[in-house]
Structure formats: C-alpha cells, structure tokens
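Residue numbers (our numbering): 5 to 142. Just so you know, even glycine gets a beta-carbon here, dropped at the ideal spot from N, CA and C. Here the structure is a predicted model, which means the values were calculated and not measured. Taking it in order: structure first as structure tokens, then the write-up.
This is how it looks when you write it as structure tokens:
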C-alpha cells in the first residue's frame with residue numbers, strides 16, 4: 005500500500021504535500037486510556053521512509069495536523085503542487101474590501117463682491133432699441 009501525506013499548518017491556513025509515494029509497512033489500532041480512564045482506540049500506521057523524510061514528517065506533526073491519502077500503486081510520478089489555501093475551497097470568493105476613501109478638502113478662494121453701479125436694461129420694440137439706466141437703491 006502506498007500513500008501521500010499532507011500537513012495543514014495554522015498560521016496561513018494552508019495545506020501542502022510533505023511526502024509522496026510512501027510505502028505503508030503496517031496499519032492497525034492501538035488501545036489507549038483517556039484522561040478519564042476509559043479505553044480508546046487510535047489508528048496506527050507504520051511508514052517506510054528515509055531519515056530525511058522522517059525528519060520532515062516529525063516536523064510536520066509538530067507544526068500542524070497530518071492527513072494521509074491512499075495512492076494508486078501504479079501512479080509513481082511526483083506532482084509539483086502549490087500549497088492549497090482556504091480561499092481555493094470556495095467557488096465564489098468574497099468581494100474585495102472597499103477601498104479606503106480619502107477626504108479631499110478643496111480650498112475656495114473668496115471672490116471680491118461685484119462692483120455695484122448702474123444697471124442697464126435694453127428693450128427692443130421692433131427695430132428700435134431703448135437703453136434704460138437704473139441706479140442702485142442701496
């Protein structure tokens with residue numbers, strides 16, 4: 005029996021392949037006692053690995069949770085997979101956070117008040133143009 009092992013580490017919540025195409029020597033169950041003294045069975049799997057792979061597997065078990073998957077014995081090629089992250093599980097990704105808005109203050113320059121003076125009104129009657137001038141009452 006052959007298997008691959010993955011490690012899921014908490015800081016980035018990602019899963020990565022630790023070992024590939026590993027031979028399983030034995031599998032079974034171990035009987036243990038819980039903290040309350042109750043009997044409990046735990047699965048036990050013995051793998052055939054090199055000392056380097058044993059170090060990787062030990063490090064992976066201390067850093068996160070190990071998962072094992074059976075492998076087709078005819079499939080012996082190695083796969084170069086990127087680490088799987090949490091957002092890869094979802095078909096529709098959440099909308100991106102809205103961009104922070106920046107408040108822009110616009111400086112307004114006060115304009116001088118209009119010059120007060122006489123007002124003109126042009127009145128047209130046919131072709132005749134009359135200009136009437138009015139003084140400011142204030």
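Would you kindly report the start and end of the unbroken beta strand (DSSP E) that includes residue i?
| i | result |
| --- | --- |
| residue 23 | 18-37 |
| residue 73 | 69-75 |
Considering only the beta carbon of each residue, do residue i and residue j sit closer than 7 Å?
| i | j | result |
| --- | --- | --- |
| residue 33 | residue 45 | yes |
| residue 122 | residue 137 | yes |
| residue 89 | residue 18 | yes |
| residue 140 | residue 120 | yes |
| residue 35 | residue 43 | yes |
Once DSSP output is grouped into helix, strand and coil, what is the label at residue i?
| i | result |
| --- | --- |
| residue 45 | strand |
| residue 120 | coil |
| residue 86 | coil |
| residue 132 | strand |
| residue 52 | strand |
Throw me the rounded Cβ distance for the residue i and residue j pair, which I believe falls under 8 Å.
| i | j | result |
| --- | --- | --- |
| residue 102 | residue 6 | Actually they are not in contact, since the Cβ atoms of residue 102 and residue 6 sit about 49 Å apart, beyond 8 Å. |
| residue 30 | residue 50 | 4 Å |
| residue 26 | residue 64 | Wrong, their Cβ atoms sit about 12 Å apart, outside the cutoff. |
| residue 9 | residue 52 | The Cβ separation is near 13 Å, so there is no contact. |
Using a Cβ-Cβ cut-off of 7 Å, state whether residue i counts as contacting chain D.
| i | result |
| --- | --- |
| residue 122 | Within the model displayed, chain D is absent; a lone protein chain is all it includes. |
*On the three-pair Cβ rule with 8 Å, is the region 48-57 touching the region 109-128?*
They do not touch, by the three-pair rule.
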